[in-house]
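Chains as they are written, first to last, in the working numbering: chain A, 1369 to 1808; chain B, 75 to 634.
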């Protein structure tokens, strides 16, 4: 190793760097202490102490890492602060008041979610290459054309990362929304109706929850996944693979729609004629919805969405049932019942407004779990099918690089981790608000 | 009478701020307070006056979200609490300053026996050994006249009645023989008959050990029995302070006079029209909750158009259950409810919209009776649009009309949410919601018991005015006999699910009474400071509360 090159940090000699570094943080700490600014002083002086210890242990190079780390943290904090203030200025006054209570972590989370959303929506414009486009040799290192190098087939890693945001996140989002439609509706209805209905719903949820989710997922995906290529099924569509695939998606979606539809009917309809009319309307809505979803996703993705939503709906059910159960015993619900209000009004106007906060928070949490489950299934090769880019399978495909000391496979993993952390930051803030802890 | 003794607690220029809407707001605005050893001071005022906040501050404690402003001074026996360390303050609490909370049921840990909680403080401070502390506890239980003093400490809180629990809590506060006890509304949650035994017990034990006390309450008659001096508070300011006798005889400030004058309202008595069909007729109703014992036993009474029937009794006497039967929330197991001579279906689910419209309900807790996430105009407007199909401008006019009726400015309240209103305003919204359906009959379930006296007075006057204007019939459930006297035309007295006496108000308030009615009537505290002493002399110390009601023979013939 070359001694002269080693001793240069940020373009100056390492001695000068150490002196500058300590002068800046100690000076900052003293100024903060002199002006009675407690928090900045503790922060800067704490950093000084850490730096001294690290400096003794690891020398000037370690100090450089500490300085970069501190700078990155400060940068993230400033970004979060700026983004939060930006949001405060563009939303309505009522929202702004709430947003001002958000801690910096929540600001950071919102910023990350915003960046992911932009990446997902504008993926074709941001990504320099297509997700399935082979542009160089396998595992090619990063160069001026490829920001992060190439994967095992020579596709651009960066482009696939951007498309991955679109595929993985949209699947997780739709899956979570469907899980909420099923679980929340069942929970609200169980709380309002009580009695045998409540019992039946609760026991069904118990049964689903008692099956380990990943095993259940593997089972369902491998059973229905093979159906799309089943010869008997294909024969029905005269061998037209595209049509067969679409029809399978619609059929499965309709099955799920049947479950949700029955719950909707049980809520809305209160007479025989009511059952008939709302039944017809619901059936129409379900069919259109199923065809819409099947146009966007292919049958294997539809299966994935449904599996995920059925696995996660019992959790949503339990939470909704508990939250709504606390609201249902209130006097204003009794007043509404004595007025002769229908169940749908009770749920929509009286119960839902009082349970949105915990439900929204739960939505964020479930989204993370669903996201991880989909990534996990993809990693096992059962989720999103190649060549569609997906973070979970990208980790698997590039895993061999780890043994050569390359961090490439860790980048999609980091993308998963970052989104999970960001969503949890935002959810933490929402939970904090809904728990009413700020008053105590 | 202030006792000539050394000063125990001296609070000077106490200012406490609370954090709300991102700024600090003054809650207590400079209150001075001097308490001598062995003196009992009553703190009275409406809710929000800062009584409890001062009580907590006397222990050097500020609740989360509040802070004691610099410059305030709280000196307890020579020790400055505003600057004392947390450890020093903690060593005072429990040993030298004790606290008795409003709800003993919520303040005892349900997982431990009473005596273990009682002996915790003496053991913690190493004042007594466990066995000594237990003997002392039994001794205190005996002095507080708890039944089975040797055994009661070994029960869990849920195995003991409310009044006994409150006395056990007072005993616990006494366990280290503190110099100062803070009583924060100790009897507010209790029935009148139970209240007496707790009051008598507290008064005796405070006298026996010469303990100083701050007695916080909003009930003037109660404070008159307990306190040597009374301090009146209003919105964090002191109004006036004087020895009890003087304060009762000639209050100086207008606000204090208005507090004293509250109990003057009385609506003129109305009588039944001869031969008219009753609006609501409850006939031989039995009812029980699923699988339980009979809660109502052969209950019958009539409510006539435009009249108020007050249903009185202790908690557990079946007042609210009767209301649930009438509204259809609890179908009776036998008997029926007639509306204008026609039987009503037993469950509200089978009643027609028109039948539901005719009878409305006003609740005790306005907080839980109004949906906090729905705007006022929708809360009031919904029944109007639901029953009469009003829409758009017609609906808005109707809501404005209703807000006018309950004496709230429409423009100001139209778009607000319930949590932004005060307790009295919320109760008025509850009334407006009931009126929006244009009913002929309203059930009022303890509508004033959660409110301060001045506010409650306003609500009673409003209800009375509405009754005259709209010819409404009320079923007024209450345990407060002053309210009964103020508003009712007829009275139904209930005990253990049975109607034991009923008749016009004038008859009910003139002796002779049924013994239970007599007990209820004589248990209502009066403003006379010697009332409790006289009552105890008349009845004997062991003949109050649970003991007294147990002695009444259920088969006793009506004195009439």
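Where is the CB? At the ideal position from N, CA and C, for every residue including glycine.
Within chain B, the residues that residue i reaches when beta carbons sit closer than 7 Å
{"i": "residue 1708 of chain A", "result": "427, 430"}
Interface flag, residue i vs chain B, CB-CB below 8 Å
{"i": "residue 1566 of chain A", "result": "no"}
{"i": "residue 1718 of chain A", "result": "yes"}
{"i": "residue 1703 of chain A", "result": "yes"}
{"i": "residue 1801 of chain A", "result": "no"}
{"i": "residue 1369 of chain A", "result": "Confidence is the limiting factor: at residue 1369 of chain A the pLDDT is only 38, short of 50, which leaves the residue's position unreliable, though a coordinate-based value still follows. Chain B, which has no Cβ nearer than 8 Å to the Cβ of residue 1369 of chain A, makes this no."}
Span of the beta strand (DSSP E) around residue i
{"i": "residue 289 of chain B", "result": "286-291"}
{"i": "residue 1677 of chain A", "result": "It is not in any beta strand (DSSP E) - residue 1677 of chain A instead sits in the alpha helix (DSSP H) that spans 1667-1696."}
{"i": "residue 116 of chain B", "result": "114-118"}
{"i": "residue 316 of chain B", "result": "311-317"}
{"i": "residue 1632 of chain A", "result": "Run containing residue 1632 of chain A: none in the beta strand (DSSP E); it sits in the alpha helix (DSSP H), 1609-1636."}
{"i": "residue 141 of chain B", "result": "140-142"}
{"i": "residue 325 of chain B", "result": "Unbroken run through residue 325 of chain B: none, as it is neither H nor E."}
Whole-angstrom C-beta distance between residue j and residue i, which should lie under 8 Å
{"i": "residue 480 of chain B", "j": "residue 505 of chain B", "result": "6 Å"}
{"i": "residue 1766 of chain A", "j": "residue 1755 of chain A", "result": "Not confirmed; about 14 Å, so no contact."}
{"i": "residue 379 of chain B", "j": "residue 397 of chain B", "result": "About 18 Å; that fails the 8 Å criterion."}
{"i": "residue 152 of chain B", "j": "residue 284 of chain B", "result": "Not a contact, Cβ separation roughly 19 Å."}
{"i": "residue 268 of chain B", "j": "residue 236 of chain B", "result": "7 Å"}
{"i": "residue 132 of chain B", "j": "residue 102 of chain B", "result": "Their Cβ separation, rounded to whole angstroms, is 12 Å, which puts residue 132 of chain B and residue 102 of chain B out of contact at 8 Å."}
{"i": "residue 1494 of chain A", "j": "residue 1487 of chain A", "result": "6 Å"}
{"i": "residue 477 of chain B", "j": "residue 487 of chain B", "result": "6 Å"}
Cross-chain neighbours of residue i in chain A, by beta carbon under 7 Å
{"i": "residue 444 of chain B", "result": "1700"}
{"i": "residue 435 of chain B", "result": "1703, 1706"}
Range covered by the alpha helix (DSSP H) that runs through residue i
{"i": "residue 27 of chain B", "result": "This structure leaves residue 27 of chain B out entirely; chain B is present only between 75 and 634."}
{"i": "residue 1480 of chain A", "result": "1472-1489"}
{"i": "residue 452 of chain B", "result": "450-462"}
{"i": "residue 89 of chain B", "result": "Here residue 89 of chain B belongs to no alpha helix (DSSP H); instead the beta strand (DSSP E) covers 81-94."}
{"i": "residue 1589 of chain A", "result": "1581-1593"}
Residue i beta carbon near the ligand COA (any heavy atom closer than 7 Å)
{"i": "residue 135 of chain B", "result": "With respect to the ligand COA, the structure shown offers nothing to examine, as it has no ligands at all."}
Per-residue contacts from residue i into chain B (C-beta, under 8 Å)
{"i": "residue 1722 of chain A", "result": "445, 446, 447"}
is_contact[residue i, chain A] using C-beta, thresh 8 Å
{"i": "residue 401 of chain B", "result": "yes"}
{"i": "residue 375 of chain B", "result": "no"}
{"i": "residue 44 of chain B", "result": "Residue 44 of chain B cannot be examined here, being either before or after the span of chain B that is shown, 75 to 634."}
{"i": "residue 628 of chain B", "result": "Legend: pLDDT at residue 628 of chain B = 49, less than 50; position of this residue unreliable, value from coordinates given subsequently. No, its Cβ sits nowhere closer than 8 Å to a Cβ of chain A."}
{"i": "residue 549 of chain B", "result": "no"}
{"i": "residue 209 of chain B", "result": "no"}
Chain A residues whose Cβ lies nearer than 8 Å to that of residue i
{"i": "residue 223 of chain B", "result": "Near residue 223 of chain B there are no residues of chain A at all, since even the closest Cβ is about 38 Å away, more than 8 Å."}
{"i": "residue 460 of chain B", "result": "1707, 1708, 1709"}
Interface residues of chain A facing residue i [CB-CB closer than 9 Å]
{"i": "residue 422 of chain B", "result": "1705, 1706, 1708"}
{"i": "residue 439 of chain B", "result": "1699"}
| query | Three or more C-beta pairs closer than 8 Å, one from the segment 1691-1702 of chain A and one from the segment 1659-1677 of chain A: is that the case here? | reply | no
| query | Would you call the segment 1473-1486 of chain A and the segment 1784-1797 of chain A touching, i.e. three or more CB-CB distances under 8 Å? | reply | yes
| said: Across the segment 86-100 of chain B and the segment 130-149 of chain B, are there enough close Cβ pairs to call them in contact, namely three or more that are closer than 8 Å? | reply: yes
| task | Tell me, please, whether the segment 1455-1463 of chain A touches the segment 1425-1440 of chain A by the rule of three or more beta-carbon pairs shorter than 8 Å. | result | no
| query | If you pair each beta-carbon of the segment 473-493 of chain B with each one of the segment 434-446 of chain B, do three or more pairs fall below 8 Å? | reply | yes
| request: Report yes or no: do the segment 524-539 of chain B and the segment 550-562 of chain B share at least 3 C-beta pairs separated by less than 8 Å? | output: yes
| message | For the segment 1575-1588 of chain A against the segment 1642-1656 of chain A, do three or more pairs of beta-carbon atoms, one drawn from each stretch, fall closer than 8 Å, so that the two count as touching? | response | no
| query | Would you call the segment 302-319 of chain B and the segment 123-138 of chain B touching, i.e. three or more CB-CB distances under 8 Å? | reply | yes
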